[in-house]
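All remarks here apply to the structure that follows.
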DNA sequence: CCAATAATTCAACACTCCTTGAAATATCTT
DNA sequence: AAGATATTTCAAGGAGTGTTGAATTATTGG
């Protein structure tokens, strides 16, 4: 099995999920992969390069799993929340680690904005030509807050609730942000 | 001015706000405070001890500023959001750094749960004897999501919007979580 | 003024880290 | 089989870390 590069990636996923980007050392990844640390640099250029390779891969999964084939429905919020939870529940530790890193690393945050958020804006704009950015930002922040509470901070009963229950609670908020009338925006220059 | 301890704390706040807990070194704090690194340990025991001293102090400010003297009102959500934003807007970098750390550090996360969340639960329970935990968790996650979007990831237009506008958008969600009827909880053991 | 206590510094230990450049080993091509 | 190429290891550089314990300076109290 000449898949050394693959086994490095696997070890990296495992370690990053366990301890995050900063805490994980190339040495410990190399140890788990049964490989010399220098080899990782040979393949990925740098620790950051390894991490980014990982992120790109997962981001595609997220985009497909979250925004792929969204049927038109009145309960769009419930659907999005359910998909979001299904994704994240499938690999809690890894996603939590990725999310934490995105919050500490401007270049990752920027990736989130330009890929995930932008795609969401595009979908929203398809039904609402105006205020798509505002709606998408609000929806995304509720999604992220739910994730923080459930997966990162472990706030009960949110952390242990069944996905369906969470979707029933949070979904309507998303639906409102995405489809319902919003308060009139502040007039620029008004007081 | 024999306030060396105070100037260490000030330097620490500045540096932690700028770079976070891990990235900031005792040596650089000592440099800014014009002091030997060992002196910090003398006063605070450890790097973590210094950070915790800081957190305790700020947490009290937050609790007072957020949950102190809440008048009974129908628009409780707008009020909470406005207060939350006023607090955080007053020191964006520091709060963002504290929040990031809370997400990576279980003992800080636990502090958030046992202090901020618990206090919120107590307030909610005053008007809703049942489901206070569920309501508080939902409200807190929307607050945190708003914070992540606005301050940490910098999602537009949320990041640059006037506080009043954000309060008008997000407040009703909080009010709903806190005061309005929620979907019936899943029956335990049901399917 | 001198002893006791507090404040502060010095120097060093013991790690760990990412990264580098050259050396060794394996694989492939012809 | 031999030369070329890719893969992998070795050893070490060089910097930075938190922390410790003793030594030094300043401050206070009798």
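Chains as they are written, first to last, in the numbering used here: chain A, 26 to 216; chain B, 26 to 216. For every residue, glycine included, the Cβ atom is placed at its ideal position computed from N, Cα and C. The structure displayed is predicted, hence computed values, not measured ones.
At a cut-off of 7 Å, the C-beta of residue 183/B has a neighbouring C-beta in chain A.
With a 10 Å radius around the Cβ and a threshold of 16 neighbouring Cβ atoms, residue 114/B comes out exposed. Boundaries cannot be given for residue 184/B, as no alpha helix (DSSP H) includes it and DSSP labels it neither H nor E. Looking from the CA of residue 210/B, the closest CA among 185/B, 178/B, 158/B and 166/B belongs to 158/B.
Look at the beta carbons and you see the region 50-61 of chain A not touching the region 87-104 of chain A: under three pairs across the two are nearer than 8 Å. CA-to-CA, the gap between residue 65/B and residue 73/B works out to about 11 Å. Closest in alpha carbon position to residue 121/A, among 150/A, 80/A and 144/A, is 80/A. Contact check between the region 179-198 of chain A and the region 159-171 of chain A: three or more CB pairs, one atom from each, fall below 8 Å, which counts as touching. In the three-state scheme derived from DSSP, where H, G and I count as helix and E and B as strand, residue 153/A is classed as coil. Across the set 166/A, 110/A and 198/A, the C-alpha of 110/A shows the shortest separation from the C-alpha of residue 185/A. Excluding residues up to 5 positions away in sequence, 79 and 119 lie with their Cβ nearer than 8 Å to the Cβ of residue 38/B in the same chain.
In the three-state DSSP reduction, residue 99/B falls in the coil class, being neither helix nor strand.
Cβ contact annotation for residue 175/B (same chain, cutoff 6 Å, sequence separation greater than five): 183 and 184, in chain order. Counting the other Cβ atoms within 10 Å of the Cβ of residue 147/A gives fewer than 16, which makes it exposed. Interface flag for residue 177/B against chain A is set, since a Cβ pair is found closer than 7 Å. Between residue 165/A and residue 202/A, the gap from beta carbon to beta carbon reaches 7 Å or more. Identification of chain B residues near residue 49/A by a Cβ-Cβ cut-off of 7 Å yields none; the smallest Cβ-Cβ distance measures about 12 Å. The criterion of a C-beta distance shorter than 7 Å is satisfied by residue 49/B and residue 41/B. In its chain, beyond the 5 residues on either side, 46 have a beta carbon closer than 6 Å to the beta carbon of residue 76/B. Cβ proximity to chain A below 7 Å picks out 134, 137, 138 and 142 from the region 134-156 of chain B. Below the 7 Å Cβ cutoff, chain B contributes no neighbours of residue 200/A, its closest Cβ being approximately 11 Å away.
For residue 180/A, the closest Cβ of chain B is nearer than 7 Å. In the three-state reduction of the DSSP assignment, residue 49/A falls in the coil class, being assigned neither a helical nor a strand state. Contact of residue 118/A with chain B by beta-carbon distance below 7 Å is absent, the smallest such distance being about 13 Å.
In this structure, residue 167/B sits near residue 167/A, with a CB-CB distance shorter than 7 Å.
In the structure shown, the three-state DSSP call for residue 114/A is helix.
Residues of the region 51-77 of chain B whose Cβ lies closer than 7 Å to any Cβ of chain A: none.
In the three-state DSSP reduction, residue 174/A falls in the helix class (H, G or I). Neighbours of residue 188/B in chain A, taken as residues at a C-beta separation under 8 Å, are lacking, since the least C-beta distance is about 10 Å. Per DSSP, the continuous alpha helix (DSSP H) segment holding residue 87/B begins and ends at 72-92. Taking a C-beta distance under 7 Å as the contact criterion, residue 207/A and residue 140/A do not qualify as a contact pair.
Residue contact with chain A for residue 167/B: present (Cβ-Cβ distance below 7 Å to some residue of chain A). Taking C-beta atoms as the reference points, residue 105/B and residue 178/B fail to come closer than 7 Å. DSSP, read as helix, strand or coil, puts residue 194/A in helix.
For the pair residue 127/B and residue 137/B, the CB atoms are nearer than the 7 Å cut-off.
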